[in-house]
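Note that the working numbering has the sequence shown beginning at 1, numbered continuously upward.
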Amino acid sequence: EFSVHAVNTGPLLEMVRSREADYGISMQPPPDGEFHYEHLLEDEFVLVCPTDHPLSRHRTCRWVDLQNYPVVLQSRSSSIGMLTTSVFQELQLKVPHSHECSSVHLSGKLVSAGLGLAALPKLVLSQLDLTGIEVRKLREPTLTRRLGIITLAGRSLSKSSRDFLKMFRQRVSKTRVYP
């Protein structure tokens, strides 16, 4: 028996640290020796925009293209929010944001309603109703997040945890990331 929690990276690391969780699936934590990280995959960010948006006419968009339009941002406490905010800061872009969401599903609804654009990792696209939405490559820079299994360094996992992670690794190796 086990339970599944959908939490942001910070709370997830705390759950693993306090042994409330045996492991987590998330971005690579800082290499401080407290956690063991097993890399699984790279998850590339894409632009999500309404079908009738001017940027939907392009196959590939640049981050700088977003500065002229409202953007739906993920919560800054999430890995997605932290990464997108860091790109905007790195490029010194003043991006007007229309909403900040803690839910990827809600972000998709706001985009399809024409209330903004979103930069999201490909793996979350399966959580969206893509009706009225176009997905475009996002470059300059290409942004990816490294995802893997996080455990407390030196902690042995139960047989059920090891069995689940074995099955999970096999499933991930067969995952085709949209598009």
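Even glycine gets a Cβ: it sits at the ideal position worked out from N, Cα and C.
> For histidine 53, which of helix, strand or coil comes out of DSSP?
Replying inline: coil
>> Classify valine 4: buried if its beta carbon has 16 or more other beta carbons within 10 angstroms, exposed otherwise.
In response: exposed
>> Does the structure place the region 67-82 close enough to the region 91-108 that three or more beta carbon pairs sit under 8 Å?
In response: yes
> Are the beta-carbon atoms belonging to leucine 143 and valine 46 less than 7 Å from one another?
Replying inline: no
> If you compare alpha carbons, which of Pro31, Ser126, Met15 is closest to serine 48?
Replying inline: Inspection of the sequence shows that residue 48 is occupied by valine rather than by serine. The option with the nearest alpha carbon to valine 48 is Ser126.
>> Between which residues of its own chain and leucine 152 is the CB-CB distance below 6 Å, once the five residues before and five after are set aside?
In response: Val16
>> Need the endpoints of the alpha helix (DSSP H) that glutamine 74 sits in, please.
In response: No alpha helix (DSSP H) holds glutamine 74; the beta strand (DSSP E) holding it covers 71-74.
> Do cysteine 61 and arginine 169 have their C-beta atoms within less than 7 Å of each other?
Replying inline: no
> arginine 145: buried (16+ other C-beta within 10 angstroms of its C-beta) or exposed?
Replying inline: buried
>> In this structure, how does DSSP classify arginine 169 when only helix, strand and coil are distinguished?
In response: helix
> How long is the line joining the alpha carbons of leucine 120 and isoleucine 80, rounded to whole angstroms?
Replying inline: 7 Å
>> Assess contact between the region 84-96 and the region 51-59, defined as three or more Cβ pairs (one per stretch) separated by less than 8 Å. Is contact present?
In response: no
> Going by the CB atoms, is the gap between phenylalanine 2 and isoleucine 150 shorter than 7 Å?
Replying inline: no
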